[in-house]
Every structure is written in structure tokens, then in C-alpha cells.
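First up is the structure itself, then whatever we jot down about it.
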Amino acid sequence: MSGGRIKEREVFPSGGGLKEEAGFYAVKDLSASVREGELITILGSSGCGKTTLLKMTNRLYEPDGGTILLFGEDIQKQDPVQLRRRMGYVIQQAGLFPHMTVEDNISVIPRLLKWEPERCRERVTQLLDLVGLEPEQYRNRYPSQLSGGQQQRVGLARALAAKPRVMLLDEPFGAVDAITRLNLQNELLRIHRETGGTFLFVTHDIHEAFRLGSRVMIMNAGKLLQMDTPENIVRKPADPFVETLVRSAMDQERFWSSV
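All letters in the sequence shown, in the order written, are residues 34 to 292 by the numbering used here.
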């Protein structure tokens with residue numbers, strides 16, 4: 034990526050890039066800002082660099098140049114393990130530990146942070162309520178006893194467990210059916226409102242990106258093409274790729290309207 038500066042209230046990726054072994058930049062010359070409390074969706078086709086960008090934010094990948102500031106601090110000067118523990122991270126298949134109960138899965142980071150057992154238990158109760166799962170009904174279940182949508186809810190609860198100010202979500206709803214996906218999107222919007230955190234949400238679905246994002250980052254071939262509100266992107270696409278993307282979504286809408 035091209036680095037970034039996440040200031041007190043803003044995130045600024047800028048300059049540099051992250052080079053793959055093949056010699057091309059997965060993310061190049063990217064400069065952007067994210068205000069604290071925003072829900073930003075990162076949209077693009079496979080291989081555009083959106084997941085790479087996300088993983089550089091918590092140092093799973095290291096940039097070759099540029100700077101990323103998180104609340105005024107250069108993340109390159111922070112311990113990567115401690116940095117990740119302060120961020121929520123949600124992936125497509127929830128990533129739950131199959132041998133652990135729901136309660137144990139959600140408590141992983143709080144226990145690593147040496148929280149008292151009673152505090153962990155109270156936090157599990159709060160989070161299961163937050164994601165719409167009855168605590169006493171679900172806390173002792175194992176992942177294999179949950180539906181796909183329930184697993185994603187638990188994965189989201191686990192990511193929120195240590196009260197992170199930043200949440201990274203990498204296509205978390207990509208593996209569930211359309212009805213469950215819509216319900217999870219509604220839940221995410223509610224949770225974002227209630228927690229007030231900064232959410233970065235990767236997706237390849239333009240409808241999901243425009244529905245969730247207060248602003249949308251559109252990427253292609255490792256570069257940021259446009260970052261704006263959904264309304265402004267539709268009204269004034271920044272380049273031919275963005276225009277084609279918007280037109281394809283409109284064509285789909287027209288198709289469903291005609292059925």
C-alpha cells in the first residue's frame with residue numbers, strides 16, 4: 034500500500050506501496066483519510082488490493098513505503114501483536130475456534146488482555162445481546178451447533194470484545210445466503226450506530242458497499258480511483274472504470290424492476 038496517516042480523527046494512507054514477489058504493487062500511490070466514527074466500505078474486484086489495504090492497517094502485511102497513523106501514532110512504531118489486539122478483525126467464514134464454546138471464542142482477546150473472569154462473562158452477555166443472540170441460549174454452544182448467520186454474529190461479537198476503536202471487516206457476509214446477508218447488514222448498521230467505532234468494510238458487491246458505506250473507496254489494479262459518498266459516485270464517477278461499475282449496478286436494478 035502506499036502507507037497512511039490515521040490521525041486523532043482521521044486516517045491518511047499516502048505514498049509508497051506493497052510489492053508482491055512478481056514485481057508489481059498490490060497497492061500503489063494510495064492517499065485517503067477516514068474520520069473517526071465513519072463506516073467506510075472498500076469496493077473492488079478480486080485482486081484490486083482491497084484486502085491488502087485492510088491487512089496493512091493491522092500490520093498483517095508491511096508496506097514498502099509511506100506511513101499509516103492510527104490516532105496520531107505511526108503503526109510501524111507499535112508492537113504488531115498489541116496493535117492487532119486493539120483492533121477488531123472479522124473475516125468471511127467467521128474464523129471461530131471449533132473446539133471452543135461461543136463464550137470462550139468471544140473471550141479470547143479479553144483473556145489475553147488479562148481481564149477478570151467475571152468481566153469477561155459480563156462482556157460476553159453484553160455482546161450476545163448486541164448481535165441479537167440470547168446469551169443463556171448460545172453462550173455454551175459450539176460453532177458446529179450454529180447456523181452460518183449465527184456464526185457470523187459470534188465472529189462480530191468476538192471482534193468487538195475488547196471495545197476496539199477500529200473494526201476491520203474482510204467480506205464478512207460473502208458466504209451467507211441473500212436473506213441472511215441483508216439481516217446481517219442491518220445488524221451491522223445498528224451496531225455501528227451503537228458503538229460509534231470506525232469500521233473499514235471490504236466487499237466486492239456494489240449494492241452492499243453503497244448500502245453500508247457513509248463513503249465508498251473504489252479500487253482497481255492496486256489504486257484508489259474514487260472515495261466519496263454513494264450519491265456523489267453515482268452522480269459523478271471519477272473515471273471509466275467507476276462509471277462502468279455504477280452502470281452495471283443500474284442495469285441490474287432495471288432488470289429486477291422489469292421482472
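Here a beta-carbon is modelled for each residue, glycine too, at the ideal position from N, C-alpha and C.
Whole-number beta carbon distance between residue j and residue i, since they are thought to touch under 8 Å
i    : j    : result
V249 : V267 : Contact flag wrong, Cβ pair sits at about 10 Å.
Q259 : A208 : Not confirmed; about 28 Å, so no contact.
Residue i and residue j closer than 9 Å at C-beta
i    : j    : result
P205 : M120 : no
L201 : L221 : no
E136 : R186 : no
A129 : L163 : The amino acid at residue 129 is misidentified as Ala; the sequence shows Leu. Not closer than 9 Å, so no.
T74  : V275 : no
G255 : G99  : no
D203 : V123 : yes
G105 : G229 : no
R154 : S177 : no
Spatial neighbours of residue i in its chain, beta-carbon cut-off 8 Å, leaving aside the 5 residues before and after
i    : result
I239 : L76, L278, V279, S281, A282
E54  : Reliability of the predicted coordinates at E54 is poor, the pLDDT of 48 falling under 50, and the value obtained from them is presented with this limitation in mind. Closer than 8 Å at the Cβ level, and outside the excluded window around E54, lies no residue.
E272 : Contrary to the premise, residue 272 reads as Asp rather than Glu in this sequence. Counting only Cβ-Cβ distances below 8 Å, and skipping sequence neighbours, we find L258, Q259.
N216 : G182
Bridge-paired residues (DSSP) for residue i
i    : result
F234 : T74, L202
N253 : K256
G121 : M200
D261 : V249
D107 : L102
Own chain residues within Cβ distance below 6 Å of residue i, not counting five before or after
i    : result
L269 : The question names Leu, but residue 269 in the sequence shown is Lys. So no residue of the chain qualifies.
L189 : V123, V164
Other residues of its chain near residue i: CB distance less than 7 Å, five sequence neighbours each side excluded
i    : result
Q183 : L166
C-beta neighbour in chain B for residue i, strict 9 Å
i    : result
K256 : Given the protein chain composition of this structure (a single chain), no chain B is represented.
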